[in-house]
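Residue numbers (our numbering), protein chains in the order written: chain A, 1 to 237; chain B, 1001 to 1237; chain C, 2001 to 2237; chain D, 3001 to 3237; chain E, 4001 to 4237; chain F, 5001 to 5237.
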């Protein structure tokens, strides 16, 4: 994917991105339950690298499996390419953390863009103190083996009620994380940037006392005013 | 409603208000899932102005409907009288925000007292930075059309598991929002103020080492001490 | 219980404690839904003193019962020995607070170690401003009588999906609260301290750029490096 | 609405109706939690007449209200036109029945087409013994006042997670109930009848040992065979 | 308790019993999730004998505990007096059965009135084939130890969202099970019998074509007709 | 796998199988929410063939995909070997059926052993009338595309809260379905058969009036009686 597209997407809000997707008929793209852990470090756009957990079974979820370099949750930490976002299907289970402070530190060090999950994180205070954008369902002390078994990497997954296909684009900010199908990324980036410029203008109008009806969404008069403003505001182009 | 009653109610806590309602046999008056978005700006008392969402249907929840000045969620923003609180029935659905930053800014500008919902808000960081008291179920980027259709205004609604009738009084603080039937507002205000004065005295007693048994709730000796304190504490009257 | 064990346990994280329990075959020991109310005051280890609520019934949950010195929720506040933790089974009901500011102040004054519940707290802002470690499911204004009746004290309870037997050890930190069976407390304390020392070393290795595979969990080479470090680092012993 | 359309719709399955709606972009049309109470009497198609409950509040949900001829849940029973279906928004609350045996008997006697709700029914055995098609969420003994207050009639409602607008067409069978927007009823009826004829043919093919791939959905060869069969099977036209 | 009261209560429906309780201000008395397992054998009234489960913990929920004659779930089967109903608090957990066919057969043989739980039953087909009234949340194969530990007997419990105090009266029929506080049993029995006689009359009126308004609830004219009917219908007295 | 093992497993109940697994430390093996659709046709043992759904996304879940012979949900129907059981991960979503009557008929015709899912089935009446053992979460009319997208075949899945690995053994009866790891199948079959023989004897003892304590589980005296009975009951060997 053209890195410019990711850069542009990192500059638009998830509210804008979901509106662009809605206009294209996609309603089910926002990951439920993945809240930004540190609102200072939550803005990102990156390709999805997926990890999938299935429910714990005592014969599978043994502590020894952690030492297996092929065990997917551990392999993921070293194999995910820098710049991508690790997305973890935890089935919304709140009983165990999907990563802890050591793995988070390593992911940050490796240049990973973000960690996103519908499950919690352990060592919450330390993870929140780092700079890695983490979106999760709160904190839980137990290791993932308490309730999960790591099934595989880079398969389509469910996360927070939405589909994530490896290579989809994830965009995050303080509202949470939206999934953008790869094929739509370029147009969402382009139209989203335009939408944000328009909304910036509309916010000024509302702040100046205009009623929202006629302004948001804009009627023809407002649109004309916007176009004039755009033409006479060279710094916005 | 006598504005003095609202002023008095804005001065008592929701914990006090719910206790006064419990004493009158009302147990189901606290809106579940509506957390204060900004604890600096969460204390209010106001009459309820209601907006009701029903589930999304693709033939109804089209983006074009936003431009219709009669579409209830947009009409509400301009029609709610200043000083009232907008209460939104979102059926507890966490998949979409019920308002975003532009509408919140307009509601604040129009002098609305608060926004209360069992659904989330979009553009969370910007909304939280404003001064409008907002009580909601967290943040979600998608617009309401993603999961809702705006059904009507000023009808009785369900919000967070409780009934809200237009004209009920809402009182909010850092614990959340309580619904007070209009007919009970005056007596809750009066007896709530008295309860708060008493509890202020009891807190001093507990802080001074008195056991809670006999103090909270007060036995006759404690009540007598309270009455003496009240009579000799002219600044409290 | 030997107070040294509690002191040691207060020094290890809940992530470490749950891992030690997992190694002993215990997976279901972390209380779900009990979040630290004040992350400045959340680290503790203490014996469990239990209070159990059952659902409200109008003939039982009358306001008058609060004045009964034998009513369990009130008796608990005065009878729990200093240094113990009050654990409250609220069945995860979010509709009422299990304690408020006056009872929290009294518990703090009496030297109680912590309050832990799968239900919310009322007077949230005041409770959070105190120094008593409180772990709960958020804030709710109504008194417990709105949805509960106090059943008994010092019986086995369910809290956040796990069993708590009076005399179990509770350990809390910013991730939440773990329940350690009394019979396992000494070995969890001992092996947990060792685990934390090892993980401290591993964190340094990861920070220095070592891949997590081979480091966490440590392979024989890493373990040997750890043992050398331990032997030559007298300040750690 | 043309009664022929309702007659046609009563002859197609809800599986067929939802597929026709999906082809038109409508995915959220099946009422969750409304199971047929009596599979002998569950096939119907009728216009929706809506009743809406909001949560119980003790000052509203008094037994005396039942004697008020304007109380919506009672007024509905006498005012709903024969041939229409009563749809009741119970917010999925399982704690009280939305109707009991006396009201069900009256609705049957008045020629009502069906009762549909996401809440339970009381006097379950007697209601199931009647001939009125009832779709509900099981049985519960308490009257609706225990957990509800009747808010209004003939407003848009939510039922089982979907929108129901007065005048929408409801179609029910042993799978449950689907909501068809009035504007789409005619084409769903027409294309649904064609789909059922085709699927009847495909079932014969599958029963005769054809693999489903190429048969269901049909490839060009299968479609040609279908068209020939249709032309030579005059009884099907 | 006077056995006549239980006999009378066994003759009224749970719909009637809950209405009598509502008239006395009790709304939260119907056990959610306890469905009759065999509608041929579900009518009963009996005193409650309680068993309480707490969540499984691996050090407690060992198979060996089943051989301990003091283990509450096994002790209950032999200690519950004939004629009483065993009520089991399973916290609504659907992952394990609370009893199986052997224990059910023994309870039936010992003359126990019913088994009631918000959890499932194992060996469902065999249990349903017996004559013991069982109300439960479906079927599940695992033994209770898989998710529970038996905590104690004859303590107040929560079952299906309601309080059950040992000695309360349980009444069951095809709608489910209602809990009647012991102190109210006599008046509910008396007024419930009267209500059923009245409703029998009203059903005849509705069947004869009377509108429900004015009939149910009865207005003065209908009440007068009822009283006349009662006086001239000696067989009903 | 030795077909004798499957034959033996088909002869033991799921209650027995889960107890054998519990004795080996496996507690999480019973699929929640998969109820037998037709209790006449529910007993089976077979190897698991898995199908995995992820959440619907409008760009993926298009009707056209059904015609793709590689689309996993359709490919599964023709590729699953006779004698195996199709297990479908539907994330417990109740909004759409995972199969309908045509696919069920084809699976039955192809000699598939069973269909198991934590989602519902469409065309419920027709499917229930067939002889294919189906375990599901009720009925729902919409096609799977309404809420799902078919992700892949023969990967590890979650179903009803438990892990299912391709090649695991599934055993079903009227209680539901249990998952047996392949490596444990032989010993569960052997010890399960012995357990059933013992329990058959114990049932006779209980039916003859023996108290359950000392009988179930058996104490040494009961065990001795069992062994004598076994030796003198040649028809049982």
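Cβ atoms here follow ideal geometry from the backbone N, Cα and C, with glycine treated the same way.
Keep in mind it's a predicted model, so treat the numbers as computed, not measured.
Would you mind telling me which residues of chain B sit closer than 7 Å to residue 15 of chain A, beta carbon to beta carbon, in chain order? 1100, 1122, 1123 and 1141
The alpha helix (DSSP H) with residue 3103 of chain D in it runs from where to where? 3101-3109
Take the Cβ of residue 3064 of chain D as the centre, count every other Cβ of all protein chains shown within 10 Å, and call the residue buried at 16 or more, exposed below. exposed
Residue nearest to residue 4166 of chain E in terms of C-alpha spacing, selected from E:4071, E:4087 and E:4038: E:4087
For the region 3140-3170 of chain D, list every residue whose C-beta sits within 7 Å of some C-beta in chain B, in sequence order. 3149, 3151, 3152, 3155, 3156, 3157, 3158, 3161, 3162 and 3163
Take residue 2138 of chain C and list the residues in its own chain whose beta-carbon comes closer than 6 Å to its own, dropping the five residues that flank it on each side. 2120
From residue 2194 of chain C to residue 2186 of chain C, what does the alpha carbon distance come to, in whole angstroms? 13 Å
Here's the rule I'm using: 16 or more other beta-carbon atoms within 10 Å means buried, otherwise exposed. How should residue 2199 of chain C be labelled? buried
9 Å is my cut-off, CB to CB: does residue 131 of chain A come that close to chain B? no
Using a 10 Å radius around the Cβ and a threshold of 16 neighbouring Cβ atoms, would you call residue 3050 of chain D buried or exposed? buried
For residue 4001 of chain E, count neighbouring C-beta atoms within 10 Å of its own C-beta (all shown protein chains included) and say buried if the count is 16 or more, exposed if not. exposed
Could you pull out every residue in the same chain whose Cβ sits closer than 7 Å to the Cβ of residue 237 of chain A, ignoring the five residues on either side in sequence? Confidence at residue 237 of chain A is low in this model, with a pLDDT of 46, below 50, so the placement of that residue should be treated as unreliable; the coordinate-derived value is given next. Nothing listed; no residue qualifies.
Thinking just about the alpha-carbon of each residue, which of B:1106, B:1009, B:1089 and B:1197 is nearest to the one in residue 205 of chain A? B:1106
Please find out if some non-hydrogen atom of the ligand FAD comes closer than 8 Å to the beta-carbon of residue 4082 of chain E. Absence of the ligand FAD from the depicted structure is noted, as is the absence of any ligand whatsoever, leaving it without description.
If we define contact as Cβ-Cβ less than 9 Å, is residue 94 of chain A a contact residue for chain C? yes
Alpha carbon of residue 1033 of chain B to alpha carbon of residue 5218 of chain F, nearest angstrom: 51 Å
Are there three or more Cβ pairs, one per stretch, closer than 8 Å when the region 4089-4104 of chain E is compared with the region 4124-4140 of chain E? yes
If you scan the region 1146-1234 of chain B from start to end, which runs of the beta strand (DSSP E) of 3 or more residues do you find wholly inside it? 1148-1153, 1157-1159, 1162-1164, 1169-1173 and 1176-1180
What are the start and end residues of the alpha helix (DSSP H) that includes residue 1116 of chain B? Element bounds for residue 1116 of chain B: not the alpha helix (DSSP H) but the beta strand (DSSP E), 1114-1117.
Could you check if residue 3146 of chain D is buried or exposed, using at least 16 other CB atoms within 10 Å of its CB as the buried criterion? buried
Taking the alpha carbon of residue 5006 of chain F as the point to measure from, which residue in F:5208, F:5170, F:5202 and F:5224 has its own alpha carbon closest? F:5170
State the DSSP-derived secondary structure class of residue 2094 of chain C, mapped to helix, strand or coil. coil
Quick one: residues in its chain with C-beta nearer than 6 Å to the C-beta of residue 3070 of chain D, no 5 flanking neighbours on either side, listed in chain order? none
Name, please, each residue of chain D whose Cβ falls closer than 7 Å to the Cβ of residue 1060 of chain B. 3163
Nearest to residue 148 of chain A by alpha carbon, out of F:5192, F:5164, F:5055 and F:5196? F:5164
With 7 Å as the limit, tell me which residues of the region 1177-1209 of chain B have their beta carbon closer than that to any beta carbon of chain D; keep them in chain order. 1181
By the criterion of Cβ-Cβ separation under 8 Å, what are the contact partners of residue 3028 of chain D in chain B? 1055, 1056, 1057 and 1058
At what residues does the alpha helix (DSSP H) containing residue 3003 of chain D begin and finish? 3003-3010
Cβ shell of residue 5155 of chain F (< 8 Å), same chain only, five flanking positions each side left out: 5050, 5052 and 5166
Pairwise C-alpha distance: residue 140 of chain A and residue 1196 of chain B: 38 Å
Check whether chain A comes within 9 Å of residue 5091 of chain F, counting only Cβ atoms and requiring the distance to be less than that. yes
Can you list, in chain order, the residues of its chain whose CB lies under 6 Å from that of residue 3178 of chain D, leaving out five sequence neighbours each side? 3014, 3017, 3018, 3029, 3030 and 3171
Option nearest residue 5230 of chain F by Cα separation, candidates F:5211, F:5202, F:5084 and F:5216: F:5202
Express the C-alpha separation of residue 5084 of chain F and residue 5009 of chain F in angstroms, rounding to a whole number. 14 Å
Mapping the DSSP letters down to three states, classify residue 5122 of chain F as helix, strand or coil. coil
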